Amino acid sequence: MGSLDQTPPSLLQDLMVTTLRSTTISPKDKKERRWVFLSNIDKVLNFDVETITFFRTTAGLSREAVVEKLSSGIESVLGLYDSQAGRLGVNPADGRLAIDCTSAGVVLCVAESELKLEELGDLEYPNLSFRQLVAEKKGNVVAELGDIPLTTFQVTWFKCGGFALGICNNHITFDGLSFRTFLSNIAAMAADRPLTSLPCHDRHLLAARSPPQVTFEHPELRPLPPDYTSTSLFSMPAPRLRYYLFHLAADTISDLKNKCQQETKKYNPTGFNCVTAHLWRCKVLSSDSSSEHGKDWICTVAFAMDIRRRLNPPLPNEYAGNAVLSAYASASLFELEMAPFGLLVERVHEGAERITDAYIRSTVDWGETNIGVPHGDVLISSWWRLGFDDIEFPWGRPIYSCPVADPERDIVLLLPSIESDKGVNCLVPLKDDCVEKFKHFFYTYLEN
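One point on numbering: in the working numbering, the residue at position 218 of the sequence shown is 1091, and numbering is uninterrupted.
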């Protein structure tokens, strides 16, 4: 059915990277210092996300020209995103966590590796050593407010002439869609092209009501103690997990959609809902929890959803902040094991449809008096169709772009494939003793 898994290859531990230099880039056109409001959705996402974008060639540009164009693009775009050049702090006016627009800047490092790009092996397979391609931030983003840049960039050259652009960005600033727009604007400015879009910085569009009006139950959110740290978000205690790569080809996804449609005869299911239902079922049934609970145990999947078009009035597509919330679906262990696949897809669909304007506003208001994170037996985050691979830089498009997978976060990642079959790569974190069980369910349910 056009699907496969990859046994973890022998991964390089040392990419032999040496930092050559680093510099701070501030906005080209500095604005008056101000505080930028952070919504309740933003505030809980106070942790770093590391991404790597690989380029095979420089399209005839010298190393110096690539770095110069990138620096120029960043400098120009920071004039539009002045908050990105600021620092986290506590706004003295209201005591809330906010961004202090100090124009302190972002960091750009230049490094080189003793390896060729092809020596890194399969770029799609998660390798923690890819962190060596990202400039580290100093200190802890919670403990040292005001001292840590929100974003760092690192260009790492390989012996073959290719290079990697590693970015470490605090999630508090962008969701996936707005981060892609940010990078697209940098690429446009670096190439002397017009901006792809003007960002909307009005984060008060997602401010809580006064007084808060929590009109729904929110089982998809787990309250945290007031003394939590951002480094603990989504983290899982020992034993450590390892990511395994499972590829679902376009024809396999089409088969899943057809199977669902035949069983429900209600609507045309999306590829995302079918993939989510399949992974939810397999992850739960292969977990230790499945043998510790009875068949009536209720299992939940939580998945991130863009809420821009679900608000009334809708948020602008150019909204430059976090406009994502967790939708959720629930089923009993018996249903996950025995129910028709279409039923599970329908539950995922119903979970997505639950995210209405009223539900979103209730969630935001819940965050005014609570600190909470997405909660579910399975967590799924999709980079599948964000389009990072389509960004046109002066030196061409990337050959691959991906987050650096963190095995301490038990989150299934959906990523695009380098192959042009329109399929999806599923990075699934598993304990070693659950791997074979997961594979069994993964292929059994595809074939039946």
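Think of the CB as a built atom: it goes at the ideal place given N, C-alpha and C, for glycine as much as any other residue.
Computed from a predicted model, the values in this text were never measured in an experiment.
(1) Could you name the residues of the same chain whose beta carbon sits closer than 6 angstroms to that of ILE1040, not counting the 5 residues immediately before and after it, in chain order?
(2) So what does SER1274 bridge to, in DSSP terms?
(3) Which of helix, strand or coil does DSSP assign to ALA1037?
(4) May I have the straight-line CA-CA distance separating LEU1158 from GLY1249, to the nearest angstrom?
(5) Let me know the secondary structure DSSP gives LEU1217 once reduced to three states.
(6) Among VAL983, ASN1146, PRO1072 and VAL917, which one has its Cα closest to the Cα of THR892?
(7) If you follow the beta strand (DSSP E) that ILE947 is part of, which residue opens it and which one closes it?
(8) With H, G and I counted as helix, E and B as strand and the rest as coil, what does DSSP make of TRP1257?
(9) Taking DSSP as the reference, what is the three-state secondary structure of GLY1240?
(10) Can you name the start and end residues of the alpha helix (DSSP H) that HIS1313 belongs to?
(11) With a threshold of 9 angstroms between beta carbons, is THR1229 in contact with chain C?
(12) Quick check: the segment 1020-1039 against the segment 899-916, are at least 3 beta-carbon pairs closer than 8 angstroms?
(13) Of all the options SER1203, VAL1148 and VAL940, which has the alpha carbon lying nearest to the alpha carbon of TRP1170?
(14) Suppose you measure from the CA of ASN1298 to the CA of ASP1075; what does that come to, to the nearest Å?
(15) Ordered along the chain, which non-local residues of its own chain (more than five positions away) have a Cβ less than 7 angstroms from that of THR1181?
(16) Give every residue of the same chain whose Cβ lies closer than 7 angstroms to the Cβ of ASP1238, excluding the five residues on either side of it in the sequence, and list them in chain order.
(17) From the DSSP output, in three-state form, read off ASP1305 for me.
(18) Below 9 angstroms between beta carbons: does that hold for VAL1218 and ALA1123?
(19) Thinking C-alpha only, which one of ASN1146, ASN1185 and ALA1063 is nearest GLY1224?
(20) Provide the residue span of the beta strand (DSSP E) that contains PHE890, from first to last.
(21) Let me know if GLN886 comes out buried or exposed under the rule of 16 or more other beta-carbons within 10 Å of its beta-carbon.
(22) On the three-state DSSP scale, how would you describe LEU1206?
(23) Let's see if you can read the secondary structure: which residues bound the alpha helix (DSSP H) around PHE1145?
(24) Looking at the strands, I want to know which residues DSSP matches up with ILE1171.
(25) Closer than 8 angstroms is the cut-off here; do at least three beta carbon pairs connect the segment 941-957 with the segment 1056-1067?
(26) Exposed or buried, which one is PHE1314 when buried takes at least 16 other CB atoms within 10 Å?
(27) Spatial neighbours of ARG936 within its chain, please: C-beta separation below 7 angstroms, excluding the five flanking residues on both sides.
(28) Decide if the segment 1286-1293 is in contact with the segment 958-976; the criterion is three or more beta carbon pairs, one per stretch, under 8 angstroms apart.
(29) What residue range does the beta strand (DSSP E) around GLN1005 cover?
(30) Tell me the rounded alpha-carbon separation between HIS1166 and PHE1207.
(31) Going by the beta-carbon positions, is the gap between LEU888 and GLU997 smaller than 9 angstroms?
(32) Do you know whose CA, among GLY1034, ARG1183 and THR1054, lies nearest TYR954's CA?
(33) Determine the extent of the alpha helix (DSSP H) in which ILE1126 is found, giving its start and end residues.
(34) Could you give the distance in angstroms between the alpha-carbon of LEU988 and the alpha-carbon of GLY1034?
(35) Helix, strand or coil for ILE1059? Go by DSSP, reduced to three states.
(36) On the premise that PHE927 lies in contact with ALA1037, defined as a C-beta separation below 8 angstroms, what is that separation, rounded to the nearest angstrom?
Short version:
(1) Here residue 1040 refers to the residue found at position 167 of the sequence shown. Taken in chain order, the residues that qualify are THR924 and PHE1026.
(2) Position 401 of the sequence shown, counted from the first residue, corresponds to residue 1274. For SER1274, the beta-bridge partners assigned by DSSP are THR926.
(3) The residue given as residue 1037 occupies position 164 in the sequence shown. Reduced to three states, the DSSP call for ALA1037 is strand.
(4) Start at 1 with the first residue of the sequence shown, and residue 1158 comes out as number 285. Start at 1 with the first residue of the sequence shown, and residue 1249 comes out as number 376. Using only the alpha carbons, I get a separation of about 14 angstroms.
(5) Translated into the one-based positions of the sequence shown, residue 1217 becomes position 344. LEU1217: helix per DSSP, three-state reduction.
(6) In the sequence shown, counting from the first residue as 1, residue 892 sits at position 19. If we check each option's Cα against that of THR892, VAL983 comes out closest.
(7) Position 74 of the sequence shown, counting from 1, holds the residue named residue 947. Where ILE947 is concerned, there is no enclosing beta strand (DSSP E), although the alpha helix (DSSP H) it sits in stretches over 936-951.
(8) Translated into positions along the sequence shown, residue 1257 becomes position 384. In this structure, TRP1257 counts as coil in the three-state DSSP scheme.
(9) The residue given as residue 1240 occupies position 367 in the sequence shown. Looking at GLY1240 - three-state DSSP - the assignment turns out to be helix.
(10) Counting from 1 along the sequence shown, the entry for residue 1313 is found at position 440. Segment 1308-1320, the alpha helix (DSSP H) holding HIS1313.
(11) The displayed structure is made up of one protein chain only, and chain C is not part of it.
(12) no
(13) By 1-based counting over the sequence shown, the position of residue 1170 is 297. Residue SER1203 is the option with its Cα nearest to TRP1170.
(14) Within the sequence shown, residue 1298 is the residue found at index 425, counting from 1. Within the sequence shown, residue 1075 is the residue found at index 202, counting from 1. Rounded to the nearest angstrom, the two C-alpha atoms are 34 angstroms apart.
(15) On the sequence shown, position 308 is the one that residue 1181 refers to. One point to set straight first is that residue 1181 is Arg, not Thr, in the sequence displayed. Only PRO1187, LEU1188, ASN1190, TYR1192 and ALA1196 meet the Cβ criterion.
(16) Counting from one through the sequence shown, the residue named residue 1238 turns up at place 365. Hits under 7 angstroms: ALA1081, ARG1082, PRO1085, GLN1086 and VAL1087.
(17) For this step, residue 1305 is matched to residue 432 along the sequence shown. DSSP places ASP1305 in helix when its eight states are reduced to three.
(18) For this step, residue 1218 is matched to residue 345 along the sequence shown. For this step, residue 1123 is matched to residue 250 along the sequence shown. No, the Cβ-Cβ distance between VAL1218 and ALA1123 is not below 9 angstroms.
(19) Along the sequence shown, read from residue 1 onward, the residue named residue 1224 stands at position 351. Minimum Cα distance to GLY1224 is reached at ASN1146.
(20) Here residue 890 corresponds to residue number 17 of the sequence shown, with the count starting at 1. Note on residue identity: the sequence assigns Val, not Phe, to residue 890. Counting along the chain, VAL890 sits inside the beta strand (DSSP E) bounded by residues 890-898.
(21) Position 13 of the sequence shown holds residue 886. GLN886 should be labelled exposed.
(22) Within the sequence shown, the letter at position 333 stands for residue 1206. Three-state DSSP puts LEU1206 in a helix.
(23) Within the sequence shown, residue 1145 is the residue found at index 272, counting from 1. Its alpha helix (DSSP H) spans residues 1144-1158.
(24) For the purposes of this step, residue 1171 is taken as residue 298 along the sequence shown, with counting starting at 1. DSSP output for ILE1171 lists SER1205 as bridge partner(s).
(25) Yes: the two stretches touch, three or more of their Cβ pairs being nearer than 8 angstroms.
(26) For the purposes of this step, residue 1314 is taken as the residue at position 441 of the sequence shown. Under this definition PHE1314 is a buried residue.
(27) Here residue 936 corresponds to residue number 63 of the sequence shown, with the count starting at 1. Answer for ARG936: TRP1030, listed in chain order.
(28) Under the three-pair Cβ rule at 8 angstroms, the segment 1286-1293 does not count as touching the segment 958-976.
(29) As a working mapping, residue 1005 is identified with position 132 in the sequence shown. Element bounds for GLN1005: n/a, residue is neither H nor E.
(30) The sequence position of residue 1166 within the sequence shown is 293, counting from 1. The sequence position of residue 1207 within the sequence shown is 334, counting from 1. Each residue's Cα considered, the two are about 11 angstroms apart.
(31) Within the sequence shown, numbered from 1, the residue matching residue 888 stands at position 15. Within the sequence shown, numbered from 1, the residue matching residue 997 stands at position 124. Result no, Cβ atoms of LEU888 and GLU997 do not sit closer than 9 angstroms.
(32) Here residue 954 refers to the residue found at position 81 of the sequence shown. Of GLY1034, ARG1183 and THR1054, the residue nearest in Cα terms is THR1054.
(33) Position 253 of the sequence shown, counted from the first residue, corresponds to residue 1126. Where ILE1126 is concerned, the enclosing alpha helix (DSSP H) stretches over 1123-1137.
(34) As a working mapping, residue 988 is identified with position 115 in the sequence shown. As a working mapping, residue 1034 is identified with position 161 in the sequence shown. Using only the alpha carbons, I get a separation of about 10 angstroms.
(35) Here residue 1059 refers to the residue found at position 186 when the sequence shown is read from its first residue. DSSP places ILE1059 in helix when its eight states are reduced to three.
(36) Position 164 of the sequence shown, counted from the start, is the residue given in the question as residue 1037. Position 54 of the sequence shown, counted from the start, is the residue given in the question as residue 927. That pair is a contact at about 5 angstroms.
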